[in-house]
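There are 2 protein chains.
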Amino acid sequence: MVVTNVHVYVKEDNVTDFIQASAENHRASVQEPGNLRFDVLQSADDFSKFLLYEAYETEEAAAAHKKTDHYLKWKDTVADWMAKPREGVKYTVLCPAERSGW
Amino acid sequence: MVVTNVHVYVKEDNVTDFIQASAENHRASVQEPGNLRFDVLQSADDFSKFLLYEAYETEEAAAAHKKTDHYLKWKDTVADWMAKPREGVKYTVLCPAERSGW
């Protein structure tokens, strides 16, 4: 199981639109085969900073996400709203070690 | 619902011990009232960097975690293994918006 933390920096004027587009992406992403979580979080200190917590059963399932229609739509939709490029940080999962814990 | 991302930097010689102590803390933390997740992750790029993804129903439940016996034991156990101080980053939860999504 793998997790990618995607840090997203949004132009302040586009925060509301970004939240709406990301909620739509969330709803579709959690239906993907192999998806474990797709949490959308907003920084408590800066309303224009977001974190996407993307957990998948395998590297292949995580890679497949980037080929889905909903991801590609989200990517295009939010492109002009980025204050700077997104940063993805990869992790391996230690706990919960069992699939049933997800 | 709130999430704290705790970034942990461990001395290389203590990584194995840290994983064992954190797995024990994970097992107890997910039993706390109000806990939603307590994921323990290891950086894919640096085996000595870890992320604790701590999600709680309320700020009060998150604060109560720091008074539990298992947290205090973990804190004492890992103290000498830190390469530098931990960093906690707070988020508010946008998705899943419903408790049932956790």
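First to last, the protein sequences are chains E and P.
Taking this note's numbering, I'd label the letters of the first sequence as residues 7 to 108.
Taking this note's numbering, I'd label the letters of the second sequence as residues 7 to 108.
Glycine residues also receive a C-beta, built at the ideal position from the N, C-alpha and C atoms.
Reducing DSSP to helix, strand and coil, say where Asp82 of chain P ends up. Here the question's residue 82 of chain P lines up with position 76 in the second sequence. The answer is helix: DSSP assigns Asp82 of chain P an H, G or I state.
Which one or two residues does DSSP pair with Gly94 of chain P in a beta bridge? Residue mapping note: residue 94 of chain P aligns to position 88 of the second sequence, counting from 1. In the DSSP output, where bridge partners are listed per residue, Gly94 of chain P has P:Val12.
Could you list which residues in chain E have their beta carbon closer than 8 Å to that of Ser106 of chain P, in chain order? Here residue 106 of chain P refers to the residue found at position 100 when the second sequence is read from its first residue. Near Ser106 of chain P there are no residues of chain E at all, since even the closest Cβ is about 12 Å away, more than 8 Å.
Could you tell me whether the Cβ of Ser49 of chain P comes closer than 9 Å to any Cβ of chain E? Indexing the second sequence from 1 puts residue 49 of chain P at position 43. Closer than 9 Å to some Cβ of chain E, the Cβ of Ser49 of chain P qualifies, so yes.
Cβ closer than 7 Å: which chain E residues qualify as neighbours of Tyr15 of chain P? Sequence index remark: in the second sequence, residue 15 of chain P carries index 9 (1-based). Neighbours of Tyr15 of chain P on chain E: none; closest Cβ ~14 Å, over 7 Å.
With DSSP as the reference, label Gln48 of chain E as helix, strand or coil. Numbered from 1 along the first sequence, position 42 holds the residue referred to as residue 48 of chain E. DSSP places Gln48 of chain E in strand when its eight states are reduced to three.
Distance CB(Leu47 of chain E)-CB(Tyr62 of chain E) smaller than 9 Å: Against the first sequence, residue 47 of chain E aligns to sequence position 41. Against the first sequence, residue 62 of chain E aligns to sequence position 56. Going by C-beta atoms, Leu47 of chain E is not nearer than 9 Å to Tyr62 of chain E.
Mind checking who Met7 of chain E pairs with in its DSSP beta bridge? If you number the first sequence from 1, residue 7 of chain E lands on position 1. Note: Met7 of chain E sits in no beta bridge, so no partner.
For Phe44 of chain P and Ala89 of chain E, I'd like the C-alpha separation in whole angstroms. One-based indexing of the second sequence puts residue 44 of chain P at position 38. One-based indexing of the first sequence puts residue 89 of chain E at position 83. Looking at the two C-alpha atoms, the distance is approximately 31 Å.
Flag Thr98 of chain P as yes if its beta-carbon sits less than 9 Å from any beta-carbon of chain E, otherwise no. Position 92 of the second sequence, counting from 1, holds the residue named residue 98 of chain P. Interface residue, yes.
According to the neighbour-count rule (16 or more other Cβ atoms, all chains shown, within 10 Å of its Cβ), is Ala69 of chain P buried or exposed? Here residue 69 of chain P is taken as the residue at index 63 of the second sequence, counted from 1. Exposed, by the Cβ-count rule.
Proximity test, Cβ basis, 9 Å: Tyr59 of chain E and chain P: On the first sequence, position 53 is the one that residue 59 of chain E refers to. Yes, its Cβ sits closer than 9 Å to a Cβ of chain P.
Which bits of chain P does Val9 of chain E rub up against, with CB to CB less than 7 Å? Reading the first sequence from its first residue, position 3 is the one you call residue 9 of chain E. In chain order: Leu47.
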